[in-house]
Each structure stands twice: as structure tokens, then as C-alpha cells.
Amino acid sequence: MLWVLISYASLTKAIPHFLSGNHTIGEIYVVSQGLSHATLSSIFCLFSDTCKHKRNSSLLLGVWIVLLLLYFLHIMDAKYLKRHPQRHGILPWLFSCVVALALSFSNEPQDNPVLWTLDQLQSKSYNLLLVMYWVVMLVLFFTVLVVFQNQILHKRRNTIVRKYFHLLTVLLFVPGIYIDPQFHSFAISAVLSLFVISEYVRYYRLPPFGDKMHSLMSIFVDAKDTGSAILTHFYLLLGCALPLIVGAPTENLVFLLSGTLLLGVGDSMASVIGSAYGSVFWQDGSKKSVQGTIAAFVSMVAVSTALVVWVPPKDTSLFMVTLCIFLATLFEANTSLIDNLILPIYYASLLLGLKAL
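Just so we're aligned, residue 1052 is where the sequence shown starts under this note's numbering, counting upward by one.
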């Protein structure tokens, strides 16, 4: 508890500098609390005999160590590059790869992220097919992104452009959660780790990828993410993964897919329909329209109904889900907070609260 308080207080002071932009104090508090809890839980998990998420914890803690080393090595390499400006800074990359491999193989075999992943791919053929599907989707997505970068930049003011990531999350999350939630949960930890390292590379413009990553990621920045750090994709990933993070029952597909439902379906439909047909707005000066909100509500209820019929949950009724969707859409329409971060937390709190009654 003391560690949580100390880290929370420190992060609330440090994060505003790193997230200099349009983040509110409430969003900073949520991020600080989440980072403090995740770090402490990961440390405890590594030393616990009953923790079921040691692979995730060791992976995330390993990333923090790699980032710390990268920071110091980046400073050292910057001095070298001043003397030899024609050479790329490869020292941080080499050391980070070595440290990452060392951390991966420092665990017990059953808790080792690399060995466990290889075992899952070998023993469960559907996981191998799932990974192949993920790779194909990512390659196609980023190929389109690179090829049509100029056209996308020309239209960047259109909110529909930023929903490409939302479409990608639907294509990646739905098969993964349905086929193997445990394997999907570990994959999320791995992707989150890659996000952290890639954002570090972009933030410090580390050669040879830093400048290119900055230009690509800038396409998806909106008015709510104008600080030094680009965190839209972090919030989207965490928002969709929230049910897995809080340990939702794997048989409750409605709850497991609630983050994807809100952000991948509801938020996307609100943006698309609102941009095309929005004429009545909730507030003066607001870009959120009543038409977009109605589209979000109808689309989420339709998908939820299909899920309830397809895989009936034991402790979640369609009325309960519809009520939570209704309240969540009203909340989204009248808040200026970051949707990807706050909306899944609000919806999960509503659903868990109603289930507890």
C-alpha cells in the first residue's frame, strides 16, 4: 500500500510533464493509478506461488528494465553520434535485445514467456493459426497505412481516418478472445510492451526508425492527444483489454468483448454516422451529435443481442447489458474525457455493479 501511494504521488507529478497537452487532471489520476497498480501487482506476482499471470508480469517488468537501460544507453550513444554523425545509433538496440532475451530466459520453464508461447503454439494448432491471422491482418493494415500515407495525411482532419485502429482492434480481438482468452491476454501484454518500446523510439526519434514512426503515428493524433507522447493506441488497447485485465470469467463472452464493443463498434459508428449525418449536437460547440449517439447505441445493442443469443452468459441478462450501453452512450456524448480510456472503465463499473446487486 505504501508503494502504491508513493508511486501514485510521484507519477501524478511526473506524468503532466510527459503528457503535456490536453489531458485533464482526472485522466492523469487514472493513468497514475493504473501504472502504480500494474507495477506493484507484477512485482508481487513474480514472488507468489499462486499467481496465474507470471508470464505477463515478467514481460511487463522486463520492458520497464529495458526502457531504463535504453535511456542511459541513448545518452551514451548520443555522445558517440555527435562525433560520428554519419553512423546510426545501434548501441541501444543491441543492448535492449540482449537484455530482453536474458530476462525472457530467467524464469521457471512454466512461467517463461518465450517457452510458454512456443508450447502453446505447438500443442494447440488453433493458436498457431490465430497468430498467423494476426500477422496477416497487421501486415495488411500497415501496408495500407504506408502506401496511402499521403492521402491519409491530406484527410487527417476527418475523424473517420482515426477509426482505422478501431477496425483493426475488432478484427484482432474478437477471434482471439473467442478462441483462447488466456493466450490472447498474454498477446496483449506482449503488444503493450512493444507499444511502450516503440513510443520510446518515436519520442526520442531513435534512428533508424524514430522519424518514420513519428510521421506515421501523427496521422492518428486528435485534439485530445496533442502532448509530447502519443497515447491514443495505448488507451485503445487497454480499453479493449480491460475485461481481461480485471479477470472476467472466460465463459462470459459478452463481458470479455465489452471493451471491443464500446470502442471498436460503438465509438466507430458514432464517428462515422455523426460525421456524415450529424445535424443535432448535444452541446453548443460540441462535435458529438445525437445521430451519432443513436447509431452507437443501436449498433452496440444489436451486437450484444447476437452475442447473448450465440453464447448465453450465466449471470448477465440482455436487459442489464442494454441498460449499461444506454448509460455509457449518454456518458460518452456529454464528456470531454478521452473515450478510449474512460468509457470502458465506466461501462465495466456499471456492469459489475449491476451484477453484484
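Note that the Cβ used here is the ideal one computed from N, Cα and C, for glycine as well.
- Where Phe-1260 is concerned, there is no enclosing alpha helix (DSSP H), because DSSP gives it neither an H nor an E.
- According to DSSP, residue pairing for Ser-1174 in a beta bridge does not occur.
- Assignment of Ser-1330 by DSSP, reduced to helix, strand and coil, places it in the coil class.
- Listed in chain order, the non-local C-beta contacts of Phe-1224 below 6 Å within the same chain comprise Cys-1291, Thr-1311, local neighbours out to five positions each way being set aside.
- Thr-1168 is the residue among Leu-1282, Thr-1168, Leu-1307 whose C-alpha sits nearest the C-alpha of Ala-1241.
- Between the alpha carbons of Val-1316 and Ile-1079 lies a gap of roughly 26 Å.
- Beta-bridge partners assigned by DSSP to Ser-1340: Phe-1332.
- Asn-1391 sits in a helix when the DSSP states are folded into three classes.
- Residue burial annotation: Asp-1262 is exposed, with fewer than 16 other C-beta atoms found within 10 angstroms of its C-beta.
- The way I'd put it, the stretch 1329–1341 doesn't touch the stretch 1250–1266; fewer than three beta-carbon pairs between them come closer than 8 Å.
- Boundaries of the alpha helix (DSSP H) around Ala-1292: 1283–1296.
- Relative to the Cα of Ser-1309, the nearest Cα in the group Leu-1191, Ser-1326, Val-1354, Ser-1340 belongs to Val-1354.
- By the CB criterion at 7 Å, Ala-1346 and Ile-1324 fall inside the cutoff.
- Boundaries of the alpha helix (DSSP H) harbouring Ala-1384: 1369–1384, taken from the DSSP string.
- Residue Ala-1321 holds the alpha-carbon nearest to the alpha-carbon of Gln-1342 among Met-1351, Ala-1321, Val-1221.
- Taking C-beta atoms as the reference points, Leu-1307 and Tyr-1398 fail to come closer than 7 Å.
- In terms of Cα proximity to Asn-1303, the closest of Met-1351, Leu-1402, Thr-1283, Leu-1388 is Leu-1402.
- Annotation for Ala-1280: no alpha helix (DSSP H) segment contains it, and DSSP assigns it neither H nor E.
- DSSP, read as helix, strand or coil, puts Pro-1363 in coil.
- Residue environment analysis places Asp-1390 among the buried positions, since at least 16 neighbouring C-beta atoms fall within 10 angstroms of its C-beta.
- Under the three-state reduction of DSSP output, Leu-1408 falls in the coil class, being neither helix nor strand.
- Residues Asn-1178, Leu-1179 of the same chain have their beta carbon placed closer than 6 Å to that of Leu-1172, with the five preceding and five following residues left out of the count.
- In the assembly as shown, Ile-1076 is an exposed residue. Its beta-carbon has fewer than 16 other beta-carbons within 10 Å.
- For Val-1247, the enclosing alpha helix (DSSP H) has its first and last residue at 1232–1254.
- Using a Cβ distance threshold of 7 Å, Leu-1392 and Met-1371 do not count as a contacting pair.
- Annotated as proximal: Leu-1358 and Val-1305, with beta-carbon spacing under 7 Å.
- DSSP places Leu-1308 outside both helix and strand once states are collapsed to three, so it counts as coil.
- Contact between Leu-1181 and Ile-1230 holds: their C-beta atoms lie close to 6 Å from each other, under 8 Å.
- Contact check for His-1217 against Ser-1319 passes: the beta carbons are separated by less than 7 Å.
- Between Phe-1246 and Phe-1285, the C-beta spacing is below 7 Å.
- Taking each of Leu-1282, Pro-1395, Ser-1340 in turn and checking the Cα distance to Ala-1384, the smallest one comes out for Ser-1340.
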